Structure formats: structure tokens, C-alpha cells
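Numbering (our numbering), first residue to last: 59 to 279. Just so you know, even glycine gets a beta-carbon here, dropped at the ideal spot from N, CA and C. Quick caveat: nothing in here was measured; it's all calculated off a predicted structure. Worksheet: one structure, shown below.
Written as C-alpha cells, this is what we have:
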């Protein structure tokens with residue numbers, strides 16, 4: 059497979075290309091020092107082909123949706139702090155409403171301080187979410203540019219390019235509804251034989267399940 063030889067009576071080119079893509083992507087995510095010489099040669103040989111080009115798109119898309127891991131931890135921490143402040147606020151409200159013998163002025167001051175903290179934490183959360191969104195948009199824009207620039211000619215290459223474009227137009231930007239044109243295009247890919255259309259067929263089926271989760275395809279029956 060690495061040197062381009064693959065024995066199969068049907069769908070030889072499609073299966074060989076899909077296998078090379080899987081191998082390329084796996085090796086691409088290995089530590090460079092762990093690669094054997096033939097693996098390095100394989101990466102170099104296919105870097106400028108559609109095998110490498112689509113792997114770059116996949117890598118960029120993965121980065122777009124994993125870039126928020128550290129930010130996610132910060133948001134979790136912020137959420138916990140907000141929960142703590144809300145608990146304190148509820149306790150202050152309870153003391154005030156039920157006339158517990160405390161310094162009313164001090165209680166009101168504490169109440170205001172807690173509200174101010176909540177406003178501050180909310181602003182922090184909004185800023186973090188905006189930063190995550192902008193960071194993600196940069197990756198998605200790059201993925202769209204790279205995907206559009208690929209010179210696809212074989213059916214399995216065209217389907218990969220098309221399903222990437224459909225994903226970037228919809229789910230990637232938070233849209234789970236599709237136009238009639240997009241639905242038609244998705245179904246045309248999803249209906250293909252996966253051996254001929256490659257992994258893009260499964261991607262299209264995953265997207266199409268948002269439209270019709272009960273749909274069955276010929277090779278599944």
C-alpha cells in the first residue's frame with residue numbers, strides 16, 4: 059500500500075487511495091523521531107498529492123475543534139466559581155428575607171459585591187467564548203481554503219472535497235439545517251458505494267442522519 063501496489067479486482071484505485079490516506083494520516087500524527095525511513099519516504103512522496111492535501115484539511119479541522127481544550131478547562135473553572143458565588147448569594151438572600159439577626163448594611167454590601175463578581179465572571183466567560191470562536195474560525199477558514207485549492211479528479215477525491223465543503227458550510231459553523239441543494243448533494247454522496255466513494259460516503263451519511271436519521275442505504279440492507 060505504501061509503495062502504491064494493491065491487489066483488488068474491484069475498486070482498486072479507490073481502495074488503494076483510501077488505504078494510503080489512512081496510513082498517511084496515522085504517520086503524520088506520529089512523533090518524527092519514531093518514524094522509520096520508509097515511513098518518512100512515504101510522507102514525503104505523498105505530501106503534495108491529494109492523499110497529503112486532504113490529510114492537511116482533516117488535521118486543520120481537528121485543530122479547529124480541539125483547540126478549546128485548555129480554554130474549556132478555564133471555562134469549567136469559571137463555571138465553578140460562578141456556582142460558588144451563586145450559592146453565597148442565595149445564602150445572603152435567605153438571611154435577608156427571613157430576618158436573621160445580622161448587620162443589614164453589611165448584608166446588603168455583601169449582596170452587591172456578589173452581584174458585581176457575577177457580572178465580572180459573566181464578562182470573562184463571554185470574552186473567553188469569543189476568543190475560542192475567533193480561534194476556531196481561523197482554522198475553519200484555512201480548512202476551506204485548503205479544501206477548495208485541491209485539484210480533485212477521481213470520484214473518491216471529488217466526493218471527499220464536496221463533503222468537506224458541505225461540512226464547512228453547515229455543522230462546522232453551528233448550522234444543523236440544510237438547503238435543498240445541500241440535501242441533494244449529501245444524498246448523492248451518501249448513496250454511493252463506500253468502496254468506490256471512499257470515506258466521504260460515511261461522512262456524508264453521518265451528516266445526512268441529521269436530516270433523516272432512519273434512512274437506509276443499499277449496502278446496509
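Take the Cβ of residue i as the centre, count every other Cβ of all protein chains shown within 10 Å, and call the residue buried at 16 or more, exposed below.
i: residue 202; result: buried
i: residue 177; result: exposed
i: residue 232; result: exposed
i: residue 138; result: exposed
i: residue 225; result: buried
i: residue 258; result: buried
i: residue 236; result: buried
i: residue 155; result: exposed
i: residue 261; result: buried
i: residue 102; result: exposed
i: residue 265; result: buried
Under 8 Å between the Cβ atoms of residue i and residue j?
i: residue 210; j: residue 216; result: yes
i: residue 124; j: residue 200; result: no
i: residue 247; j: residue 229; result: no
i: residue 172; j: residue 143; result: yes
i: residue 227; j: residue 219; result: no
i: residue 83; j: residue 104; result: no
i: residue 245; j: residue 183; result: no
i: residue 189; j: residue 205; result: no
To the nearest whole angstrom, what separates the beta carbons of residue i and residue j, a pair I think is in contact under 8 Å?
i: residue 214; j: residue 243; result: No, residue 214 and residue 243 are not in contact; Cβ-Cβ is about 16 Å, not under 8 Å.
i: residue 197; j: residue 131; result: Their Cβ separation, rounded to whole angstroms, is 19 Å, which puts residue 197 and residue 131 out of contact at 8 Å.
i: residue 268; j: residue 234; result: 5 Å
i: residue 100; j: residue 86; result: The Cβ separation is near 10 Å, so there is no contact.
i: residue 251; j: residue 270; result: Actually they do not touch by this definition, with Cβ atoms about 19 Å apart.
i: residue 71; j: residue 212; result: 7 Å
Could you say if the stretch 106–114 and the stretch 141–156 meet the contact criterion of at least three C-beta pairs nearer than 8 Å? Put simply, the stretch 106–114 does not touch the stretch 141–156. Fewer than three CB pairs are less than 8 Å apart.
Are the stretch 98–110 and the stretch 72–84 touching, with three or more C-beta to C-beta distances below 8 Å? Touching, yes, given that three or more Cβ pairs across the two stretches are closer than 8 Å.
Would you list, in sequence order, the uninterrupted alpha helix (DSSP H) runs of no fewer than 4 residues that lie entirely inside the stretch 112–163? Counting only runs of 4 or more, we get 127–155.
Pick out the complete alpha helix (DSSP H) segments inside the stretch 176–233, 4 residues or longer, and give them in chain order. Inside the stretch 176–233, DSSP marks whole alpha helix (DSSP H) runs of 4 or more residues at positions 213–227, from first to last along the chain.
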